[in-house]
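According to this note's numbering, the residues represented by the first sequence are 3 to 314, in order.
Note that the Cβ used here is the ideal one computed from N, Cα and C, for glycine as well.
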Amino acid sequence: MMEKTKLKKLIVIVGPTASGKSGLAVELARIYGGEIISADSRQVYRGMDIGSGKVTKEETRGIKHHLLDVASPKRTFSAAQYQKLALKAVKQVQEKNKIPILCGGTGFYIKAVTEQTNLPTVAPDWKLRNELAKKSTDELFAILTKKDPRTAKRIERSNPRRLIRALEIVMKTGKPVPETKPLLLPYPILTLGISVQRQKLKHLISQRLAKRLGRGMLSEVKRLRSEGISWKKLENFGLEYRYCALFLQKKITRPEMVDKIQIESEHYVKRQLTWFKKDKTVHWIKNLREAKKLADKYLAMREKITARVPKT
RNA sequence: GGCCAGGUAGCCAAGUAGUAAGGCGACAGUCUGCAAAACUGUUACGCAUGGGUGCAACUCCCAUCCUGGCCU
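Dropping the structure here:
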């Protein structure tokens with residue numbers, strides 16, 4: 003009986019871009035017998051490799067990675083789709099009696115898994131969205147206030163994207179946006195946050211950018227374009243994809259492109275840190291040693307409990 | 001040396017007698033299906049320096065310093 007009482011585990015690794023999440027995840031996976039579940043909103047797309055910083059075959063060092071290349075860049079992938087796939091992957095890994103390591107910089111995706119927030123099931127209706135997009139935020143807010151005052155009260159009244167999504171839900175369901183309650187996973191999670199000095203991060207980003215250009219990032223973007231991804235879509239992917247696309251269209255110069263990617267990446271770091279700092283369960287670590295210490299302690303809980311459960 | 005233009009926040013920049021637009025950056029933050037996205041807030045008791053004229057000057061006048069252009 004003892005061997006059947008496996009305990010569910012999940013290690014989460016977060017941190018700003020270029021902080022070394024992927025490397026740490028692979029290390030921990032090798033040490034503890036884990037598989038990695040990527041939580042990156044761009045690495046889910048096939049063909050977006052260099053620009054998104056997807057691990058290479060060598061970098062995986064034989065560790066299985068889930069949730070990479072699961073979507074076509076031609077279609078819009080969403081947090082809800084991610085949630086479904088990621089939860090499935092977590093379960094799958096746990097069933098193999100291995101440790102799932104959820105690793106990535108997309109805070110919203112991480113939250114979708116760890117809190118299992120029940121995201122509204124209304125699918126995007128682009129026709130409706132485009133219609134609504136013609137209105138000003140004031141108008142949108144006024145409509146929402148009328149149809150769903152409770153949501154209007156807490157929504158950002160100047161953010162068209164949020165307003166439109168809320169209205170989409172209201173109009174498609176005929177009901178107010180449902181209140182979500184976070185469903186915490188029924189087992190403890192260990193969340194590690196990689197802490198790197200901002201200044202150091204800037205250097206890392208700049209080095210990484212040079213490397214990516216050397217590896218053919220521009221060709222990658224050109225290829226995506228030739229495969230039918232519109233410039234607009236590429237620009238919407240942000241960072242490297244946005245500014246490479248602008249450069250390839252000759253809307254900006256190459257130095258401007260490099261400059262923009264650098265600065266925008268630094269802004270991105272800031273947004274990520276704002277998000278992750280809010281999560282008080284994150285254990286901030288500086289290196290593998292600190293990570294191991296926490297992981298050892300966390301995983302040791304397994305033995306204690308599995309040893310005890312059969313007796314009771 | 002002469003003439004002209006100009007010196008406004010970390011940077012770019014508007015204003016031009018009535019009490020400092022805007023953009024970038026920086027910093028902080030938001031987040032219920034686009035999240036590398038979208039969005040919000042803060043950021044010059046002071047406009048090269050010193051005088052002067054006005055009730056009132058960044059705005060007008062004078063001098064000085066600095067920058068750029070042209071001329072010799």
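Check whether residue 135 and residue 146 have beta carbons under 7 Å apart: Their beta carbons are not under 7 Å apart, which means residue 135 does not touch residue 146 by this criterion.
Cβ neighbour criterion (16 or more within 10 Å) applied to residue 4: Confidence is the limiting factor: at residue 4 the pLDDT is only 46, short of 50, which leaves the residue's position unreliable, though a coordinate-based value still follows. So residue 4 ends up on the exposed side.
According to DSSP, is residue 43 helix, strand or coil? In the structure shown, residue 43 falls within a coil segment according to DSSP collapsed to helix, strand and coil.
How about residue 191 and residue 14: are their beta carbons less than 7 Å apart? Result yes, Cβ atoms of residue 191 and residue 14 sit closer than 7 Å.
Please go through the stretch 218 to 293 and give each complete alpha helix (DSSP H) segment of 4 or more residues, from N-terminal end onward. Those alpha helix (DSSP H) runs which fall completely within the stretch 218 to 293 and span 4+ residues are 219 to 228, 233 to 238, 241 to 250, 256 to 280.
Note the first and the last residue of the continuous beta strand (DSSP E) segment covering residue 16. In this chain, the beta strand (DSSP E) harbouring residue 16 covers 13 to 16.
Contact set for residue 106: own chain, Cβ-Cβ below 6 Å, skip 5 residues either direction: Result list for residue 106: 40, 41, 42, in chain order.
Count the other C-beta atoms from every protein chain shown that fall within 10 angstroms of the C-beta of residue 287, then say buried if there are 16 or more, exposed otherwise. It is buried - the Cβ of residue 287 has at least 16 other Cβ atoms within 10 Å.
What residues are listed by DSSP as bridge partners for residue 194? Here residue 194 is bridged, per DSSP, to 15, 285.
Which residue marks the beginning of the beta strand (DSSP E) containing residue 102, and which one marks its end? Segment 101 to 105, the beta strand (DSSP E) holding residue 102.
Between the CA atoms of residue 56 and residue 89 - distance to the nearest angstrom: Between residue 89 and residue 56, the alpha-carbon positions lie close to 21 Å from each other.
Nearest to residue 68 by CA position, among 50, 38, 84, is which residue? Closest option to residue 68, Cα to Cα, is 38.
Give every residue of the same chain whose Cβ lies closer than 7 Å to the Cβ of residue 97, excluding the five residues on either side of it in the sequence, and list them in chain order. Short of 7 Å from the beta carbon of residue 97, and not among the five residues preceding or following it, lies no beta carbon of its own chain.
From this set, 273, 197, 31, which residue's C-alpha is nearest residue 110's C-alpha? Selected option, being the one with the closest Cα: 273.
Bridge partners - residue 205, DSSP secondary structure assignment: Per DSSP, none; premise fails for residue 205.
Should residue 244 go down as buried or exposed, given a rule of 16 or more other Cβ atoms within 10 Å for buried? Under the 10 Å beta carbon count, residue 244 is surrounded by 16 or more other beta carbons and is classified as buried.
Beta strand (DSSP E) runs wholly inside the stretch 101 to 171, at least 3 long, in chain order: As far as the stretch 101 to 171 is concerned, its whole beta strand (DSSP E) runs of at least 3 residues are 101 to 105.
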